[in-house]
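The structure appears below as structure tokens.
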Ligand code: DGP
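Residue numbers (the numbering used here): 417 to 533.
Listed below in structure tokens is the structure:
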């Protein structure tokens with residue numbers, strides 16, 4: 417069973433922000449911004465490439481609610497999902513990173529993400 421499934425079933429702890437029947441939001445263990453929340457479906461889906469449009473509908477509303485709860489719905493935030501090996505996905509249970517709580521860097525001029533090309 418994957419780490420996030422263990423969090424869902426209570427085998428591992430997490431710092432919960434919000435949950436409903438289908439989705440769970442909790443603080444990332446290694447935050448990369450003042451606010452760094454992970455948003456996951458409770459049912460195991462390995463990555464974004466394999467999620468259904470139906471599940472994404474619910475996940476979208478839930479994510480918007482998490483942004484409101486964290487107080488960043490108006491100020492702004494960033495949503496990221498790492499997909500697969502080249503996307504540097506470490507945990508193979510679909511999750512969105514919601515990052516915010518300050519002005520995030522987005523350097524079009526200098527950033528080079530092509531680490532292995
Ligand atoms: P990714 O590279 O997209 O698969 O990111 C996985 C994220 O999960 C990473 O930011 C660290 C976080 N993480 C890993 N293990 C745990 C854990 O046990 N609890 C919590 N809350 N976060 C975790």
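Note that CB positions come from ideal geometry on N, CA and C, so glycine has one too.
If you're wondering where the values come from, they're calculated on a predicted model, not measured in any experiment.
Determine, using beta carbons only, whether residue 457 and residue 510 come nearer to each other than 8 Å.
It is a contact, given that the beta carbons lie within the stated cut-off.
Neighbourhood of residue 467 by C-beta, 6 Å cutoff - its chain only, sequence neighbours within 5 removed:
Hits under 6 Å: 461 and 510.
Report the option in 489, 464 and 481 whose CA atom is closest to the CA atom of residue 500.
The shortest Cα separation from residue 500 among 489, 464 and 481 belongs to 464.
Could you tell me which uninterrupted beta strand (DSSP E) segments, each at least 3 residues in length, are contained entirely in the stretch 429-459, listed from first to last along the chain?
The stretch 429-459 contains these whole beta strand (DSSP E) runs: 432-435, 439-443 and 451-457.
Can you give me the C-alpha to C-alpha distance between residue 518 and residue 453, rounded to a whole angstrom?
Rounded to whole angstroms, the gap between the alpha carbons of residue 518 and residue 453 is 14 Å.
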